[in-house]
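Residue numbers (our numbering), protein chains in the order written: chain A, 4 to 357; chain B, 4 to 357; chain C, 4 to 357; chain D, 4 to 357; chain E, 4 to 357.
All C-beta atoms, glycine included, are put in the ideal place defined by N, C-alpha and C.
In this text, all values refer to a predicted model and were calculated from it rather than measured experimentally.
Here is the structure we will look at.
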Amino acid sequence: MAKLIKKRSKKAGLPPGTLVHIGEKLTEKTRVGVVEYDGQGFQEKELETFDSCYLFPTGPAVTWINVVGIQQVEVLEKLGNCFGVHPLALEDILNTEQRPKVEDYGEDLFLVVKLLSYHEKKDEVEAEQISLILRPNALLTFQEKEGDDFANVKERLRAGKGRLRKMGADYLAYTLLDIVVDQYFGVLERLGERIEVLEGKLLADPGTATLQKIQNLKKEMLLLRKWIWPLREVISSLERGEFPGIQESTRIYLRDVYDHAIQVMDTIEIYRDMLSGMLDIYLSSLNNRMNAVMKVLTIIATIFMPLTFLAGVYGMNFKHMPELDWPWGYPLILAVMGFVAILMLTLFRRKKWL
Amino acid sequence: MAKLIKKRSKKAGLPPGTLVHIGEKLTEKTRVGVVEYDGQGFQEKELETFDSCYLFPTGPAVTWINVVGIQQVEVLEKLGNCFGVHPLALEDILNTEQRPKVEDYGEDLFLVVKLLSYHEKKDEVEAEQISLILRPNALLTFQEKEGDDFANVKERLRAGKGRLRKMGADYLAYTLLDIVVDQYFGVLERLGERIEVLEGKLLADPGTATLQKIQNLKKEMLLLRKWIWPLREVISSLERGEFPGIQESTRIYLRDVYDHAIQVMDTIEIYRDMLSGMLDIYLSSLNNRMNAVMKVLTIIATIFMPLTFLAGVYGMNFKHMPELDWPWGYPLILAVMGFVAILMLTLFRRKKWL
Amino acid sequence: MAKLIKKRSKKAGLPPGTLVHIGEKLTEKTRVGVVEYDGQGFQEKELETFDSCYLFPTGPAVTWINVVGIQQVEVLEKLGNCFGVHPLALEDILNTEQRPKVEDYGEDLFLVVKLLSYHEKKDEVEAEQISLILRPNALLTFQEKEGDDFANVKERLRAGKGRLRKMGADYLAYTLLDIVVDQYFGVLERLGERIEVLEGKLLADPGTATLQKIQNLKKEMLLLRKWIWPLREVISSLERGEFPGIQESTRIYLRDVYDHAIQVMDTIEIYRDMLSGMLDIYLSSLNNRMNAVMKVLTIIATIFMPLTFLAGVYGMNFKHMPELDWPWGYPLILAVMGFVAILMLTLFRRKKWL
Amino acid sequence: MAKLIKKRSKKAGLPPGTLVHIGEKLTEKTRVGVVEYDGQGFQEKELETFDSCYLFPTGPAVTWINVVGIQQVEVLEKLGNCFGVHPLALEDILNTEQRPKVEDYGEDLFLVVKLLSYHEKKDEVEAEQISLILRPNALLTFQEKEGDDFANVKERLRAGKGRLRKMGADYLAYTLLDIVVDQYFGVLERLGERIEVLEGKLLADPGTATLQKIQNLKKEMLLLRKWIWPLREVISSLERGEFPGIQESTRIYLRDVYDHAIQVMDTIEIYRDMLSGMLDIYLSSLNNRMNAVMKVLTIIATIFMPLTFLAGVYGMNFKHMPELDWPWGYPLILAVMGFVAILMLTLFRRKKWL
Amino acid sequence: MAKLIKKRSKKAGLPPGTLVHIGEKLTEKTRVGVVEYDGQGFQEKELETFDSCYLFPTGPAVTWINVVGIQQVEVLEKLGNCFGVHPLALEDILNTEQRPKVEDYGEDLFLVVKLLSYHEKKDEVEAEQISLILRPNALLTFQEKEGDDFANVKERLRAGKGRLRKMGADYLAYTLLDIVVDQYFGVLERLGERIEVLEGKLLADPGTATLQKIQNLKKEMLLLRKWIWPLREVISSLERGEFPGIQESTRIYLRDVYDHAIQVMDTIEIYRDMLSGMLDIYLSSLNNRMNAVMKVLTIIATIFMPLTFLAGVYGMNFKHMPELDWPWGYPLILAVMGFVAILMLTLFRRKKWL
């Protein structure tokens, strides 16, 4: 539950633009990496002090500033002032409960997306909030914690191969968005495997634990959809060219990311339908087991009740019961009992209860 | 039920613009507080008599008139006339059954929203209707009862820090809207906790009371959605700049409120899905318990019916029953009975019924 | 069922514009009342003969012609010719199976709405079709039967207070629409009470009769929605100013009616959701009662089967059964039986079956 | 099932425009009737040979060519060439699996609609495909089989009364569309009666046959919706004036047909909801019957198990059982048994099981 | 499950435009067939080496290049370079997990569709991805494996009859799209038959296997819808004339394909509704069978419990039981027992349990 709505209420009543970090503390210290590149060169450094502002280089080079760790509010405030980030944007960066969105602050294009990963130990999907501020010659990114994915991009920049080094900051932003959406496929694959495992268990052992797991997976799907649905709109608005910061040449690539987002949505919907179907199977197999139990009871009762009755009859103490005196009375009644039992069993076999 | 549709019908047949108070009486007397402020100064007073009209100051200062308590119809009528409120707007202010809405009365922008709070004792969500009339240099607000939230805003105005004192009446209106939407998060957190508690109970003790509680929570969600859905549209139309009373600089902040409203909607939808899932778990656990009951019955019957039958056989009074005369007949039959019982128990253990 | 689709088929195959009355006969004779008024004067009369046409007064006065009773086809035809009503409009007036709608016949604006009332004896919602033809200086209304609601409006006109006398025919039409929508609240209140009563019964005595009543209420909701949904669109199109016959000053009032129509829609949707929830409770309480029955059976069987078995053992006729000869054998076995019974009862108490 | 998708696949792989008849053979021979009329005159004939083409009259007269029977592909091809029908339109006329649609082939407006009728013997809805080609002065119609409905129109043309003779080919097309939609009401009335009968049966005898019938009716509703939904769009696009072939004066009449189509849609939706409700009642009454069976079992067991136990106790063979020697022992125990039985019955009566 | 989401994640982190084949290996070697034709002539050849580029003929002739087998990435890369295919389009061609889509790369119009076929042995629907690149005078197609459908088109081109040879590359593209959509009808027919078979089985033998099959068919429907839904939009955008590559004369034919796509969608929706209905029947028949089992148990218990009790009474050892000494006591009690049994049976017959 805590995952669905965090203690956001601690902000209630504060004036807008008040900086409060909402979310888990995932790193100890805020670290700021700076990368400058153009077709020719590539430079990388890490800011060591936040007291003086970093000066953006003049000229056509692209600057990528990657901020990792966002719970040190006062550091973020300094950075925001240095980089000229709008107070509302800064507030959104700190609040990790944002929906994916795109906002136009004049020169700056502000993007919030969710980077998902599957936490194998906890067996659940984890979301990290990534904020991007795109400017004509610069990209600012804010991550909650260090990750491999952005390091790979830095590596590709350093290697200098491919299109990435030659194009602008908007292409770099696209590259990061592409990575974010690609991660969704990995997460969906893992969830798909869990659904598969659950499908097998469903028929073998349909306990309440299985039902709980189905419901948990459904909840995960709800969360995924909550994050993917607005992301789809974000990418669509970027691709349609609503924002001047995105160049024509990059938009064709964004269309590709958009396609992937749609595919993720489709898969989520199909998983949801499958989980609903599994619920039906679960309820039906409960019913089937009840049926099986009832059959056992009915078979036992139907065989032994007439037999017990017969035994009861010859246990009566009437003076005049001629059968009791017959020499073959006892074996005869045993035979009759055996016959009744076999009759009943045949009947059940015909009804396919056995 | 009374919550869903109050005795609104007492208005039926009256000419439009007839002032009738619809809703609970929450305060005794109508009180009117006036706040005037601009970048330099701040003044606060309370109107003591409603016989003469309050005169709006000339000049760029912002005037905020906060009316608390709306069931004194004749007082509200006087105020309405003094302040030049449109009769239809006044009618809507008095009728606390309004949907959130925004209406354009020329100079005046008329807003109705719902302030929600969670009533801990009654364990249910309470709604108070807040009406706002926004003018170029003034804001009129109408509350059903005194509350802390608006007092905080007055405090912030008095303190004079931040953006609030420097900006116009539209920014003040935004600040109040922001508070209203922020309250929803608190209410949702409390509802989320109730859902969590219910989820725990569901498996431990799935009685009809639990079902009733699930249904009640579902009803609360319906009510919340009823209030949030139009609010979302209201804020969206303000933010899109449909009304000239809202300045460009304020609209960027409204976008933020809009994001929060969407987030509230998302959470409500997820809660609704979760409650539906809980219903499924509830029904399935009912089924499971029936299964458990049936198993006990079947086990008992399956063990004791054959045994009783055996006892019945040797209770028969046939003259020629050789077993009865065997010296070890009795222990032997007891042994057979024990064997049958153990056989059955083993069988059940194998079927995992025990 | 008859309520859902009346014998409309008798019209099949007839050329369009053929006048056929479809619906119940609610009055004996068609009566036509005429009201003329302006800011200064008010005149009222009733047409006695339909052979010569009524002459509309010249000048700015507003004329309201109210036709009550529509099953006398030939009279309606005469009136239609006199007043210059379009044949298709006249056909729609006679056919009481119309959906609420608005149509533009040049000078004439043709409106069909449903006036609802709750028939206490039959315990169901009744609909009367009201048709309005709005012209620059005149309003024609057609009712199925006499009612208090329109009489009240006439009274208000005669009294001459308020806005009604000073404004045009479009404001009169608005006043009637307002009355129609206000009636929906009364009907919804009564339905709400029925739902409340049903909710109480649901847990006390969930028989098939209760289920039937839930389904009937659901059907009523379907019918209400069928009438309200298009009405909402009708009022919306009037309010948006699509038709020149509605003046700007009246449109602001129509916005108010529109709000009410939306509120009615919302309430219907919430009622529908509540009725669905009640169905779930009903099915679950059926299940619970089955559970209770099964528990009684299982408790009885679990207590008496072992006891009967014990009695059976000592009813066996073996020669060598030492216990039978013990002096304390009988009390001992009774004690054992009592112990077994108490053991079982304790077990059930622990399982919370008792 | 065959109704849902006919052997359309035999067309797969053929070049477009290849003429293949898809559907049932409903008549033996193709017959072509020609009607020419204007305000003054009316002429009727039947084409006897298809070798030479029929020559359209010049001048303002309207020509209606009605083709009955469409499975003689070569005849249809000749006709198509004579009348200048576009190959794709001709292909659609022959394939009776078309959805209702409207298509603009320059001068020609091509319409496909479904004429429904209720087949009383088969107890199911039958659909006949009607194709219309509307030209400035001519209307071509293609029917699968002879019917009364179009004959009536011819009769009205011959009689020459009313608007029909004076107006153009578009009004004739409207008249035919009006008939088609009017037929839907008749079919819905019959289906409504079937639902009513089923509702009665549901409570009296809820067998699997009843469930099957509910499902069949649901399937019929799906089919109706499949045909009505696009028809609604077709009429709407005609009425909105998207096609120049429809004159302003006819469009006002099409609005009427559109209203009827909406009403049919509404009724179908309500029927669907009712059938869903019936399914709930069915499942609940199944449950109720199980409850009744279980109660009988429980009552019987609860009364006779204690009694049988008591009889078993006094059937034990202990030497020292003082009660056995009491002179009133036997009547006493019988009295005790009677008391236990009455006790149990009273208990059940209190629980309202009896 | 593997069908729903393939190991797409192996692409995660790679720069865009990196060529990776995703999908099954369906052929050994990539083969490239070239067809050149115009109204006069027809030429066909197969490329033997991919080292030098194929030169497009100049002039108005249409060139169709059909590439079969796409898993040889380096060959595809060479071809892509030769033919000037955009890197992103090439990437999409190789990734067989694409949704159907249309993309505009300046001169090139890039289309992805799914060719479905029913695999009789596996009893499931198989999808092959077909990519088309349409240019003013050329069409490039990429298939995963050799198929009959495209061979037929080549045959029709060679024969030179009909419209195909005379029209441009866009008409050729249309012809292929038409074939693709026509295949859906065949697949739906097969699925319809499977549903029919399942419907029969449902009542005869409603086991968990049947439920599983219903769920599998539902999953197939989900997949079909996933492929058809975007295809519909693709064809719609082609038909609406959004792309200059499609000529007016071809668009009229595309409208036809669009109609078919809609029809496929309709049928899928109806199948989905039918499968849901079958689930209801399945659950209800489970319930019915439980009912039948319970009735057997209740009948047996209700007959034999009273009889066993009676036998028990006369098995008691009271000294003074006058009935025991009656000469006709034994036959009398047997008669009473018979009477009780017959009474019970009559009662059950009346309740229609027998």
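Can you pull the chain D neighbours of residue i, defined as C-beta to C-beta under 8 Å?
i      : result
T301/E : V296, M297, V299, L300, I303
Residue i touches chain A at which residues, Cβ-Cβ below 7 Å?
i      : result
F342/E : Going along chain A, no residue has its Cβ under 7 Å from F342/E, so there is no contact; the nearest lies around 15 Å.
N69/B  : The contacting residues do not exist; N69/B stays about 17 Å from chain A at best.
D259/B : P19, L91
E106/E : R258
Which bits of chain E does residue i rub up against, with CB to CB less than 7 Å?
i      : result
P309/A : F307
Might you give, ordered along the chain, the residues of its own chain that have their beta carbon closer than 7 Å to the beta carbon of residue i, omitting 5 neighbours on each side?
i      : result
C85/E  : C56, Y57
K216/A : L201
F53/C  : V78, K81, L82
Can you name the residues that DSSP bridges to residue i?
i      : result
N98/B  : I25/B
N69/C  : G36/C, T144/C
K48/C  : V37/C
A130/C : L119/C
Determine, using beta carbons only, whether residue i and residue j come nearer to each other than 8 Å.
i      : j      : result
L220/D : S287/E : no
I25/D  : E131/D : no
L22/C  : E94/C  : yes
Y256/A : L91/E  : yes
So residue i and residue j are supposed to be a Cβ contact under 8 Å. How far apart are they, rounded?
i      : j      : result
Y177/D : L119/D : So it is not a contact: roughly 19 Å between Cβ atoms.
L180/D : I238/D : 7 Å
F307/E : M308/A : 4 Å
Please go through the same chain and pick out, in chain order, the residues whose beta-carbon is closer than 6 Å to the beta-carbon of residue i, but skip the five residues on each side of it.
i      : result
T33/A  : G72, Q75, V78
S134/A : I96, V115, F145
T253/B : D173, Y174, Y177
Q250/B : D173
I182/D : D152
At a CB-CB cut-off below 7 Å, which residues of chain D make contact with residue i?
i      : result
D283/E : L282
Output needed for residue i: all residues of its chain with C-beta closer than 8 Å, excluding positions within five of it in sequence on either side, in chain order.
i      : result
V339/E : L313
T30/C  : V71, G72, Q74, E147, K148, E149
L346/B : none
M4/D   : Its pLDDT being 37, under 50, M4/D is placed unreliably in this model, and the value from its coordinates should be taken loosely. Cβ within range, chain order: n/a, list empty.
V190/C : L119, S120, Y121, V128, L227
Which residues of chain B have a Cβ atom closer than 8 Å to the Cβ of residue i, listed in chain order?
i      : result
T211/A : L206, I284, S287, S288, N291
A338/A : Correct list: empty, because the minimum Cβ distance to chain B is about 13 Å.
Under 8 Å Cβ-Cβ, which residues of chain C neighbour residue i?
i      : result
G181/D : The residue asked about is misnamed: residue 181/D is Asp in this sequence, not Gly. Simply P19.
Could you tell me which chain C residues have their CB closer than 9 Å to the CB of residue i, listed as they occur along the chain?
i      : result
R102/B : D262, I265, Q266, D269
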